[in-house]
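Taking it in order: structure first as C-alpha cells, then the write-up.
There are 2 protein chains.
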Amino acid sequence: MRVSELVERSGMPLATIKFYLREGLLMPGMPTSATQADYDESHLRRLALIRALTEVVGLSVQKAREVIGLIDAPAGDLFETLGQAVAALPPYLDAQGTDHPRARAALERLGQVYDPSYAAVGQFERALEAAEAVGLPMSDERVLGYGEHVMAIAEIDLSGIPTNSPGDAIQYAVLGTAIYEPVLAAMRRLAHQDLASRRFG
Amino acid sequence: MRVSELVERSGMPLATIKFYLREGLLMPGMPTSATQADYDESHLRRLALIRALTEVVGLSVQKAREVIGLIDAPAGDLFETLGQAVAALPPYLDAQGTDHPRARAALERLGQVYDPSYAAVGQFERALEAAEAVGLPMSDERVLGYGEHVMAIAEIDLSGIPTNSPGDAIQYAVLGTAIYEPVLAAMRRLAHQDLASRRFG
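Protein sequence lines, in the order shown, are assigned to chains A and B.
With the working numbering applied, the first sequence corresponds to residues 425 to 625, in that order.
With the working numbering applied, the second sequence corresponds to residues 425 to 625, in that order.
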C-alpha cells in the first residue's frame, strides 16, 4: 500500500508517520520510485505497537525505540533482554545507586530471588522511597499482602509464555511486561470503585 | 527557613523550586521582606510530593497540579474526588468515547459494579485495546485470573483507609491510588525474575 493508505488505515497523520520513519521506529517501505515506497501489514502492526508504547504505556519516543529494538533484535538471552527492556520502563533513576535498602528488605521478607543489578530493584527502591516521602510508607503487612497476589499474577504471566521459539518468548516477555501494566493499573482503580460502592455506596 | 535552606534540604535546584511556586504547585512562603519569604516543613513535604508524582508516578507538572489541588481542596465527596484524581492519571484518552465494549465485557465477566462515566473505564478500554493491537489480547482466563488477585490487592488498600476524617480518607485514596501503582509494577517485574530464575535459571 502507499503511504496515504497507511495514514488512512492507521489513523495517524502523515507527519507523525514520517517522524517515526526518520527516528527509526518504523521500518522503511520497499522503494517503488525515487519518492514513493510500498508498505504492508507489518507497517500497520508496527504503528499500533508504537502507539501502544507511547500513548498507553507512556514511553517517550526514545524509550519506545529501545523496547522495539529489543524485540526486533534481542541482544542476548531472555533474562538479559528482559532486563534491558525493564530498564527502558519508568520510573527512571537519576543516579544508579548500588544500595537499595528498602527494596532489599522487602524482597528478603518476601523470600524472593533477585539479581541486584536488575533495573527493577532500583525502580522498586525509588517507588518505595516515594511512598515513604508522601507519608504512605509500605508496611510489612502491605508488602506481604501485595507480594502474595503479585506473585500469583506473575504466575499467570509466565504460564502464557510461548515455548515454540526463543524470539517469540522474548517478544511476549518484553511486551507483556509493558502492556499489561496499564491493564492492571486500570483494573485496580476499578476494583476500588467496586469495593467502595458495595461498602459505602 | 529561607529558600536557600529549602534548596539544600530538598536537593532541588532553586530554579525548579521557583518554577513550582510560579505554577502554583508549591504554596508561597510567609513574606519576611519585599524579596524574601519564610518556608517550613510543609513546604519540604510538598516538594517531596511533587517529586513523587512527577518522577515516580510520571505525571506532567499540569497533571501533578490537578492531583495536588484535589488533595488541598477536594471538590466533592470521596467518590467524586477519587474520580477526578483517576482522570488525571494515565493513560489519557484522545476522545472520551461513551462505548467501552472491551472494558464492559471484562467487568461483566468479573461481576464488578462500575460507573460507566468513571475515567478508569475508558482507561481500561484503552489498555485492553492496546494489548489487542500488539497481538497480546487479554483472554477470558487472564481477565478472571488477574481480576481475582487485583481485587485482593484492592481489599488491602481499602482496609487501610483512615476513618478519622474525610480529608484524610480522600488524601489516602488519591495518593494511594497513584503512589502504589509504581510499587506494584516494580513488584510484578521482580516476581517475574524470581519465578523465571527458579524455573529456568
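We put the beta carbon where it would ideally sit given N, CA and C, even for glycine.
Predicted model, so just to flag it, every value in this text is computed and none were measured.
- Below 8 angstroms, enough C-beta pairs join the stretch 475 to 491 of chain B and the stretch 600 to 619 of chain B to call them touching: three or more.
- Legend: CB atoms of the stretch 586 to 600 of chain A lying less than 8 angstroms from CB atoms of chain B belong to residues Tyr596, Ala597, Leu599 and Gly600.
- Scanning chain B for C-beta atoms nearer than 8 angstroms to the C-beta of A:Leu450 yields nothing, as the closest lies near 15 angstroms away.
- B:Ala615 and A:Arg475 have their C-alpha atoms spaced approximately 27 angstroms apart.
- With the rule of 3 Cβ pairs closer than 8 angstroms, the stretch 512 to 527 of chain A does not count as touching the stretch 566 to 583 of chain B.
- In the three-state reduction of the DSSP assignment, A:Asp462 falls in the strand class, which pools E and B.
- Annotated as proximal: B:Ala544 and A:Ala610, with beta-carbon spacing under 8 angstroms.
- Between A:Val558 and A:Ala530, the C-beta spacing is not below 8 angstroms.
- With its beta carbon less than 8 angstroms from one in chain A, B:Ser621 belongs to the interface.
- For the set B:Gln536, B:Arg526 and B:Ser541, the Cα lying nearest the Cα of A:Ser621 is the one of B:Gln536.
- From the beta-carbon of B:Pro525, no residue of chain A is found nearer than 9 angstroms; the closest lies around 15 angstroms away.
- Any Cβ of chain B closer than 8 angstroms to the Cβ of A:Asp581 would place that residue at the interface, and such an atom is present.
- Beta-bridge partners assigned by DSSP to B:Met454: B:Asp462.
- Within 7 angstroms of the CB of B:Glu605, the CB atoms of chain A belong to Ala609, in sequence order along the chain.
- Scanning chain B for C-beta atoms nearer than 7 angstroms to the C-beta of A:Leu552 yields Val607, reported in chain order.
- For A:His467, the nearest beta carbon of chain B is not closer than 8 angstroms to its own beta carbon.
- Taking 8 angstroms as the cut-off, the beta carbon of A:Glu556 is found no closer than this to the beta carbon of A:Ala527.
- Residues of chain B whose Cβ lies closer than 8 angstroms to the Cβ of A:Ile577 are, in chain order, Gly569, Tyr570, His573, Val574, Arg612 and Ala615.
- Interface criterion met: the Cβ of B:Leu531 is under 8 angstroms from a Cβ in chain A.
- Taking a C-beta cut-off of 9 angstroms against chain A, the contacting residues of the stretch 483 to 513 of chain B are Leu502, Phe503, Leu506, Gly507, Val510 and Leu513, listed in chain order.
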